[in-house]
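Asks: I have a structure I would like to understand better, so I am pasting it below and will then ask my questions one at a time.
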Amino acid sequence: MPLPLIYHEDYSPEFPADHRFPMDKFRLLRDHLVDTGLTRDADLLRPQICPNDILALAHDRSYIERYMSGELSREDQRRLGLPWNEALARRTVRAVGGSILAAEKALEHGLACHLAGGTHHAHYDYPAGFCIFNDLAIISQYLLQSGRVNRVLIFDCDVHQGDGTARILHDTPEAITVSLHCEKNFPARKADSDWDIPLPKGMGDADYLQVVDDTLNYLLPLYQPDLVLYDAGVDVHKDDALGYLQLTDEGVAARDESVMRHCLGRDIPVVGVIGGGYSKDRHALARRHGILHHSAQRVWDSHGCH
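Quick note, the sequence shown lines up with residues 1 to 306 if you use UniProt numbering.
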């Protein structure tokens, strides 16, 4: 049984080449994972589009309808920072479907990874920071309300605070939000996660990995979640265009392995989503995101999940 990896051709629609958001990184990530022999295209699991009723577990229905019909206000459009078209709208709901499928596969097999996801700046009724619908919050509500899990822990290691997730799930005690982020970075106004761990600019591998270890050693026994949603943002990397931390490729790989081993070592299923990563060199960025999936494969092989 191969490590469950989730992807869809819809993920990289046609997009302005000079745009700050690297929309082609999802396709390039798929190419990289196939080229390095980690997977075959035929083995990638293709998700369905997420239906509105599931989106509405974490979002305002009128907001969902406004976005899907291309009727966002100018203010919301500015907050989002992405142009609107039908292909991008379809991509958005397909990717939420992908995160849900990845979570279901993780519950089934112990571990699964998405080749997208981690849209943690999306709020209940407005978009922000390239995020439209919040897959982390949607998965949490979907699995909690359907009784598939009693408690979920979101471990968000994107360099930016998971403010949308924290706000949407603020009144859902069964969903624990944990954000390790660079203190002096977007968003300027932070939300209150259950656990906020602000990191100083310039932090490198060793100090960062110590924080990850200490945090998981404390929180996993404390909450004993039925599932961990891991946002493996690579904008913590020293070469990222929008991050201020100094992790190397090796540091990112050690982080990813550490998170997954902490969870699986306690028999807690874990799902990885890729989160943020920004670079003009899109191929380098795809390789950086692929660290998650290569790390997951090593953990999968050594833990015999299946």
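Ideal Cβ placement from N, Cα and C applies to all residues, glycine included.
Going along the chain, which residues of its own chain have a beta-carbon closer than 7 Å to the beta-carbon of residue 293, five neighbours each way excluded?
Replies: Closer than 7 Å at the Cβ level, and outside the excluded window around residue 293, lie 5, 33, 38, 113.
Asks: Roughly how many angstroms separate the alpha carbons of residue 192 and residue 170, rounded to a whole number?
Replies: Going by the C-alpha atoms only, they are around 8 Å apart.
Asks: To the nearest angstrom, how far is it from the Cα of residue 40 to the Cα of residue 62?
Replies: Their Cα atoms are separated by approximately 40 Å.
Asks: Give every residue of the same chain whose Cβ lies closer than 7 Å to the Cβ of residue 91, excluding the five residues on either side of it in the sequence, and list them in chain order.
Replies: Excluding residues within five positions, the ones whose Cβ falls inside 7 Å are 10, 11, 13.
Asks: Closest to residue 43 by C-alpha separation, out of 51, 30, 49, would be which residue?
Replies: Among 51, 30, 49, the Cα nearest to that of residue 43 is on 30.
Asks: Label residue 104 either buried or exposed according to how many other C-beta atoms from any shown protein chain fall within 10 Å of its C-beta, with 16 as the threshold for buried.
Replies: Answer is buried; the Cβ neighbour count reaches 16.
Asks: May I ask you to report which of helix, strand or coil DSSP gives residue 160?
Replies: Reduced to three states, the DSSP call for residue 160 is coil.
Asks: Relative to the alpha-carbon of residue 120, which residue among 155, 145, 102, 111 has its alpha-carbon at the smallest distance?
Replies: The shortest C-alpha separation from residue 120 is found at 155.
Asks: Excluding sequence positions up to five away, which residues of its chain have a Cβ less than 7 Å from the Cβ of residue 134?
Replies: Contacts found: 58, 119, 120, 122, 164, 165, 168.
Asks: Among the candidates 240, 274, 207, 142, whose CA atom is the shortest distance from the CA of residue 227?
Replies: Nearest C-alpha to residue 227: 142.
Asks: Using only CA atoms, which one of 77, 183, 298 lies nearest to residue 259?
Replies: The option with the nearest alpha carbon to residue 259 is 298.
Asks: Do residue 148 and residue 225 count as a contact pair if the criterion is CB distance below 8 Å?
Replies: No, they are not a contact pair.
Asks: Just verifying my parser: in three-state terms, what is the DSSP assignment at residue 232?
Replies: Residue state, collapsed to three classes: coil.
Asks: Going straight from the alpha carbon of residue 66 to that of residue 93, what length do you get?
Replies: Taking the straight line from one Cα to the other gives about 14 Å.
Asks: Hey, which unbroken runs of the beta strand (DSSP E) at 3 residues or more fall wholly within the region 252-287?
Replies: Qualifying beta strand (DSSP E) stretches, in chain order: 270-273.
Asks: Where residue 300 and residue 264 are concerned, what is the direct C-alpha to C-alpha distance, given to the nearest angstrom?
Replies: Using only the alpha carbons, I get a separation of about 9 Å.
Asks: Look up residue 196 in the DSSP assignment and give the residues it is bridged to.
Replies: Its beta-bridge partners are 179.
Asks: Decide yes or no for the touch test of the region 47-56 against the region 13-24: beta carbon pairs closer than 8 Å, at least 3 of them.
Replies: No contact exists between the region 47-56 and the region 13-24.
Asks: Residue 88 and residue 128 look like a contact to me (Cβ under 8 Å); what is the Cβ gap, rounded to whole Å?
Replies: That pair is no contact at about 16 Å.
Asks: Thinking C-beta only, is residue 140 closer than 8 Å to residue 175?
Replies: Cβ atoms of residue 175 and residue 140: closer than 8 Å.
Asks: Would you give the residue range spanned by the alpha helix (DSSP H) that residue 102 belongs to?
Replies: First-last of the alpha helix (DSSP H) with residue 102: 86-109.
Asks: Out of 274, 286, 207, 160, point me to the one whose CA is closest to residue 187's CA.
Replies: Looking at the Cα atoms, 160 is the closest of the given residues.
Asks: Considering Cα atoms alone, identify which of 218, 276, 272, 207 is closest to residue 239.
Replies: The shortest Cα separation from residue 239 among 218, 276, 272, 207 belongs to 276.
Asks: Going by alpha carbons, who is nearest to residue 126 out of 291, 71, 221?
Replies: For the residues 291, 71, 221, the minimum Cα distance to residue 126 belongs to 71.
Asks: Pick helix, strand or coil for residue 155, following the three-state DSSP scheme.
Replies: The answer is strand: DSSP assigns residue 155 an E or B state.
Asks: Considering Cα atoms alone, identify which of 268, 253, 49 is closest to residue 287.
Replies: The residue with the shortest Cα to Cα distance from residue 287 is 253.
Asks: Grouping DSSP H, G and I as helix and E and B as strand, with all else coil, what is residue 6?
Replies: Residue state, collapsed to three classes: strand.
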